Amino acid sequence: QELDSTLTNPEKKETFLNHTSKGFILASEDGKYEMQIAARLQLRFAVPDDQDPITFSDFANQDQRIFKINRARLKVGGHAYQPWLKYYFEYELSRSLLLDYRVMIEKWPWLNFKAGQWKVEFTRERFISSGEQQMVDRSLLNRKFTVDRQQGVEVYGNLDGGGIANFNYWAAALTGMGRGATQNDDSKMMYFGRFQWNFLGREVPFSGGDLTISQKPAAIIAIAAISNTSPYTRFSTSGGGNLSGFEGTNDSQYTVNQYQLETAFIYKGFSWASEFHRKNILDNFDEEETLLGGFYITAGYLAHQTLNFWPEPLEIAVRYAEVRPDLSISNNIQRETAIAFNWFFADHKNKLTTELTRFKFQDQELAQDDEIRFRLQLDISF
Amino acid sequence: QELDSTLTNPEKKETFLNHTSKGFILASEDGKYEMQIAARLQLRFAVPDDQDPITFSDFANQDQRIFKINRARLKVGGHAYQPWLKYYFEYELSRSLLLDYRVMIEKWPWLNFKAGQWKVEFTRERFISSGEQQMVDRSLLNRKFTVDRQQGVEVYGNLDGGGIANFNYWAAALTGMGRGATQNDDSKMMYFGRFQWNFLGREVPFSGGDLTISQKPAAIIAIAAISNTSPYTRFSTSGGGNLSGFEGTNDSQYTVNQYQLETAFIYKGFSWASEFHRKNILDNFDEEETLLGGFYITAGYLAHQTLNFWPEPLEIAVRYAEVRPDLSISNNIQRETAIAFNWFFADHKNKLTTELTRFKFQDQELAQDDEIRFRLQLDISF
Amino acid sequence: QELDSTLTNPEKKETFLNHTSKGFILASEDGKYEMQIAARLQLRFAVPDDQDPITFSDFANQDQRIFKINRARLKVGGHAYQPWLKYYFEYELSRSLLLDYRVMIEKWPWLNFKAGQWKVEFTRERFISSGEQQMVDRSLLNRKFTVDRQQGVEVYGNLDGGGIANFNYWAAALTGMGRGATQNDDSKMMYFGRFQWNFLGREVPFSGGDLTISQKPAAIIAIAAISNTSPYTRFSTSGGGNLSGFEGTNDSQYTVNQYQLETAFIYKGFSWASEFHRKNILDNFDEEETLLGGFYITAGYLAHQTLNFWPEPLEIAVRYAEVRPDLSISNNIQRETAIAFNWFFADHKNKLTTELTRFKFQDQELAQDDEIRFRLQLDISF
Numbered sequence: 346q347e348l349d350s351t352l353t354n355p356e357k358k359e360t361f362l363n364h365t366s367k368g369f370i371l372a373s374e375d376g377k378y379e380m381q382i383a384a385r386l387q388l389r390f391a392v393p394d395d396q397d398p399i400t401f402s403d404f405a406n407q408d409q410r411i412f413k414i415n416r417a418r419l420k421v422g423g424h425a426y427q428p429w430l431k432y433y434f435e436y437e438l439s440r441s442l443l444l445d446y447r448v449m450i451e452k453w454p455w456l457n458f459k460a461g462q463w464k465v466e467f468t469r470e471r472f473i474s475s476g477e478q479q480m481v482d483r484s485l486l487n488r489k490f491t492v493d494r495q496q497g498v499e500v501y502g503n504l505d506g507g508g509i510a511n512f513n514y515w516a517a518a519l520t521g522m523g524r525g526a527t528q529n530d531d532s533k534m535m536y537f538g539r540f541q542w543n544f545l546g547r548e549v550p551f552s553g554g555d556l557t558i559s560q561k562p563a564a565i566i567a568i569a570a571i572s573n574t575s576p577y578t579r580f581s582t583s584g585g586g587n588l589s590g591f592e593g594t595n596d597s598q599y600t601v602n603q604y605q606l607e608t609a610f611i612y613k614g615f616s617w618a619s620e621f622h623r624k625n626i627l628d629n630f631d632e633e634e635t636l637l638g639g640f641y642i643t644a645g646y647l648a649h650q651t652l653n654f655w656p657e658p659l660e661i662a663v664r665y666a667e668v669r670p671d672l673s674i675s676n677n678i679q680r681e682t683a684i685a686f687n688w689f690f691a692d693h694k695n696k697l698t699t700e701l702t703r704f705k706f707q708d709q710e711l712a713q714d715d716e717i718r719f720r721l722q723l724d725i726s727f
Numbered sequence: 346q347e348l349d350s351t352l353t354n355p356e357k358k359e360t361f362l363n364h365t366s367k368g369f370i371l372a373s374e375d376g377k378y379e380m381q382i383a384a385r386l387q388l389r390f391a392v393p394d395d396q397d398p399i400t401f402s403d404f405a406n407q408d409q410r411i412f413k414i415n416r417a418r419l420k421v422g423g424h425a426y427q428p429w430l431k432y433y434f435e436y437e438l439s440r441s442l443l444l445d446y447r448v449m450i451e452k453w454p455w456l457n458f459k460a461g462q463w464k465v466e467f468t469r470e471r472f473i474s475s476g477e478q479q480m481v482d483r484s485l486l487n488r489k490f491t492v493d494r495q496q497g498v499e500v501y502g503n504l505d506g507g508g509i510a511n512f513n514y515w516a517a518a519l520t521g522m523g524r525g526a527t528q529n530d531d532s533k534m535m536y537f538g539r540f541q542w543n544f545l546g547r548e549v550p551f552s553g554g555d556l557t558i559s560q561k562p563a564a565i566i567a568i569a570a571i572s573n574t575s576p577y578t579r580f581s582t583s584g585g586g587n588l589s590g591f592e593g594t595n596d597s598q599y600t601v602n603q604y605q606l607e608t609a610f611i612y613k614g615f616s617w618a619s620e621f622h623r624k625n626i627l628d629n630f631d632e633e634e635t636l637l638g639g640f641y642i643t644a645g646y647l648a649h650q651t652l653n654f655w656p657e658p659l660e661i662a663v664r665y666a667e668v669r670p671d672l673s674i675s676n677n678i679q680r681e682t683a684i685a686f687n688w689f690f691a692d693h694k695n696k697l698t699t700e701l702t703r704f705k706f707q708d709q710e711l712a713q714d715d716e717i718r719f720r721l722q723l724d725i726s727f
Numbered sequence: 346q347e348l349d350s351t352l353t354n355p356e357k358k359e360t361f362l363n364h365t366s367k368g369f370i371l372a373s374e375d376g377k378y379e380m381q382i383a384a385r386l387q388l389r390f391a392v393p394d395d396q397d398p399i400t401f402s403d404f405a406n407q408d409q410r411i412f413k414i415n416r417a418r419l420k421v422g423g424h425a426y427q428p429w430l431k432y433y434f435e436y437e438l439s440r441s442l443l444l445d446y447r448v449m450i451e452k453w454p455w456l457n458f459k460a461g462q463w464k465v466e467f468t469r470e471r472f473i474s475s476g477e478q479q480m481v482d483r484s485l486l487n488r489k490f491t492v493d494r495q496q497g498v499e500v501y502g503n504l505d506g507g508g509i510a511n512f513n514y515w516a517a518a519l520t521g522m523g524r525g526a527t528q529n530d531d532s533k534m535m536y537f538g539r540f541q542w543n544f545l546g547r548e549v550p551f552s553g554g555d556l557t558i559s560q561k562p563a564a565i566i567a568i569a570a571i572s573n574t575s576p577y578t579r580f581s582t583s584g585g586g587n588l589s590g591f592e593g594t595n596d597s598q599y600t601v602n603q604y605q606l607e608t609a610f611i612y613k614g615f616s617w618a619s620e621f622h623r624k625n626i627l628d629n630f631d632e633e634e635t636l637l638g639g640f641y642i643t644a645g646y647l648a649h650q651t652l653n654f655w656p657e658p659l660e661i662a663v664r665y666a667e668v669r670p671d672l673s674i675s676n677n678i679q680r681e682t683a684i685a686f687n688w689f690f691a692d693h694k695n696k697l698t699t700e701l702t703r704f705k706f707q708d709q710e711l712a713q714d715d716e717i718r719f720r721l722q723l724d725i726s727f
């Protein structure tokens, strides 16, 4: 009850008010308390459809023209009691979903702790904020391989031995039921680990492109793995769900083991990233096993670094992704090829993206099908 | 991810904190960034029912006494990057709905741009905020004729040629699926236009009453039109829906064309407004056509302007509305007659409204029926 | 519409920014406007289950390990127009529910007014914020006896005649349909009254424990009663619902009359509280009557007050609760015995609680059953 809360801490602290790229910042003079408030809006136009095709029937949908608020975020973060006791929450206003809410103890670079709900650091593509992407949205891989947001506890840090001896690690125990879950189906948790080698001596930030025009190259190689037993075979912002072909909803029905190999590189306005995935789904009830595979490669360039006529705020980016929904059937392949142009009015905080994508699905029993999609997107932070 | 966002814009800006009728205002010293935070609460008591009757069966409902939080709004607006790059969002806390989220480029008075989701400026009654009305809520017309909030893009402005040559215009392309839609049913958009002549040289603000006691009269005549093809025949805060008598839910089922003629006038505490509506619904599946009509007139007066004994914060307001749900059946008429008193503690920001309404419905096949409703409402902004 | 809102109050007020235990505080220099913004996060780990058992079948559930965001609150309060015109709202981010939204006129200590939606002051256990409890959560009694949040109007105050003549009173008329209701089922309201004697001359705050180490003892005896007719036999954060054994959902089906007798005491780090309940449910349709009973006693101690070796931030707390779901069947008894330890990093604003509970249910027709539950909880305010 708020009425009595002043009893325990009646002292008032002098404070400051600032504005940075994190939004407006309220801070107490002693540095112990800070709160950042920011909002982000993503407006999207898509034709003939916004969503990536999932099955062949999605190619036969009638044409649509969609204009929508795709994301409307309220972001509040900061620290309290101590500069190293941090918090962050993010709320999706358009769907009324609590996305992130986490507490972090970040006292030493090499040993940090996190608890709450957040996007697991499994893949670079998913972990990069939707507001800091180079394309309009994530690739065809994301639906099948992301573990999205989970609730749990984590230990992580950066181990810097100087020079090439620079590593990041993450290890987490999570409920494994997805965003917004209030129960676990069984006593089995989700376990996650990621190990990253920053072999040029520093990290590649979790942000699309190389907007700071790095004068020194940065590169990483990472391997990450997840193990989970739950009723789910995929995760999204909506929580746990099933991939097409998996209909079960029983507690403990699916044991999913997956790993991915990741690279990323930035230098003088050029950026590169790739992921290579394997995911094994074991249906504990029907005793069937399915192995999925896929990869993407993506690159971007702020071409005014070499071409004089090229406008400074303009980036060109390309992506190729391939998903095999069942590696035992070699003819089943789903492909995405995309090109995008970004105009950065104020870096990732205010940008316009235009994107053209070609999807091509092939199946051993169906004729090959394809689709061209056009999207235009404004992403702006306040 | 918030962790990396400071990389791109590390500079901090000195800021100011103020309080105005828009709530608390955070602003950077250079004038480029501003954020207003305000909340609004509307508490309502109603007997025997709060909602306007829709069909004859609503007159037979048992008596209720309702006390409720009718609206609980969180409003955040401001500008970013430039003083003319504005944003605004409004969230309904009691129903967890994102109402408005829009970005506006308002650099020149005669040419402005808007994108996002907002209340289409089709009718004065709907566009005026629920917190700036003179009656407890909108008239019987609103359910049948409003197009409510939509997602899309708009161009608008004020053309001032001096004297009576003062005009406002709005033109928008919208998805036409209502608030919160994430898809379009077909490739057809909603188109909206409004043209307004401010023939006394200035606009009548979109706000109920004449609380500023205008010493010069202001008046407008406006005509507005909408065309849309969608599964819906009406729109509300809940999104798209159907009027009673329209049961279809197929994509592209209804083509709706509607227009309205509007007047408004304010002078020395007196206010007047009216709307005259026609709405044509074509069922593309059953090939049936229905024409609806209706109008309202409303007036208010801060009577202390002429009567010495009348308290200064007290306004009296009246309204008469008539709806014909099917113009081909001349006996089907729905009528509303209402009187209200407003006590303005702090203009529209803190006011108490009491209202008495008589509804009278007649139908060629049913006996005429009527109902008296009493409502009391506190509307307060923080 | 925000565009016109500055017309009515263009003046800007100088303001202050502070941080207290209520969070960051924005305030205008003239003292008329103040807004506090705070967030609270509650992370919980529970094994084998988080919820209290409701029926015997809950003891047979398989074991789970649950880690979850149990509460994620956004709290905004303050005053506007006058220092005594207060407001407060609280929103549950993880479930997107508006919990509190109330306006208070607190000009004189002996006569205050409240309108909106809030936790009725019926019982101490429920009224104390979930962030200021001594155990991980409320007792077995809460599900059966709380009336939770309601919408309505209230008058309340403190009558101080000096010395032992110190009393608090509350009287409210409420819709009686629970949190988030927008209708009343009938014309019958819920009526609530509470009378409290602060017989040592001052109130015991609505907050768990005695964290301020009171050097003078404080104690209260209170009696409270509720009467309501509605479709519901219990209330929770989700709104109205039914206790097991009550299946009806008709308007006006249940007339519930209940009362409770409460004590509380604090002195030098020791705290005590108890409630004794009776609740009569009359099914107006089946003409059956059920009488429920129950009580709890709880105590806590900051033992460093007497034991030198005991750490200063550590509190030990115990609770015993007993519920009789039908007093006519003397063998039906549900018992809860719990012990908890709190580590107060920053009073109730940042604390870690560990709790061990034993539930024991007996029924005349079933074998007695019991369960041990362990819970660990971090509650932190920002």
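The listed protein sequences derive, respectively, from chains A, B and C. With this note's numbering applied, the first sequence corresponds to residues 346 to 727, in that order. With this note's numbering applied, the second sequence corresponds to residues 346 to 727, in that order. With this note's numbering applied, the third sequence corresponds to residues 346 to 727, in that order. Here a beta-carbon is modelled for each residue, glycine too, at the ideal position from N, C-alpha and C. Nothing here was measured: the structure is a model prediction, and the numbers come from that model.
Contact under 9 Å by Cβ, residue i with residue j
i: A662 of chain A; j: I684 of chain A; result: yes
i: A666 of chain B; j: L485 of chain B; result: yes
i: G334 of chain A; j: G508 of chain A; result: The structure shown does not extend to residue 334 of chain A, since chain A is modelled only from 346 to 727, so the question has no answer here.
i: R416 of chain B; j: S439 of chain B; result: yes
9 Å Cβ cutoff, residue i in contact with chain B
i: Q722 of chain A; result: no
i: S532 of chain C; result: yes
i: T594 of chain C; result: no
i: L711 of chain C; result: no
Status (buried if at least 16 other CB within 10 Å, exposed otherwise) for residue i
i: Q381 of chain C; result: buried
i: S373 of chain B; result: buried
i: N695 of chain B; result: buried
Neighbour flag for residue i against chain C, beta carbons, 9 Å
i: T527 of chain A; result: yes
i: G368 of chain B; result: yes
i: N677 of chain B; result: no
Nearest neighbour of residue i, chosen from the options [CA to CA]
i: A510 of chain C; options: C:S583, C:S402, C:E548, C:Q603; result: C:E548
i: M522 of chain A; options: C:E470, C:Q409, C:F640; result: C:Q409
i: P398 of chain A; options: A:K705, A:D531, A:Q427; result: A:K705
i: E660 of chain C; options: C:N653, C:R669, C:G645, C:L672; result: C:G645
i: Q387 of chain C; options: C:L606, C:D505, C:Q478; result: C:Q478
i: Y604 of chain C; options: C:L637, C:A618, C:E632; result: C:L637
Short CB-CB distance (under 9 Å) between residue i and chain A
i: L362 of chain C; result: yes
i: T726 of chain B; result: The question names Thr, but residue 726 of chain B in the sequence shown is Ser. No, S726 of chain B lies away from the interface with chain A (no Cβ there is under 9 Å from its Cβ).
Contact set between the region 377-394 of chain A and chain B, restricted to residues whose Cβ is under 9 Å from the partner: So the close ones are Q381, I382, A383, A384, L386, L388, F390, V392, P393, D394.
The region 403-418 of chain C: positions lying closer than 7 Å to chain A by Cβ: Q407, D408, Q409, R410, I411, F412, K413, I414, A417
Taking Cβ-Cβ distances below 9 Å as the criterion, which residues of the region 485-504 of chain A are in contact with chain C? Q496, G497, V498
Residues, ordered as in the chain, of the region 441-455 of chain B that lie near chain A by beta-carbon distance below 7 Å: S441, L443, Y446, V448
Select from the region 548-581 of chain B all residues with a C-beta closer than 8 Å to any C-beta belonging to chain C, and list them in chain order. P550, F551, S552, L556, T557
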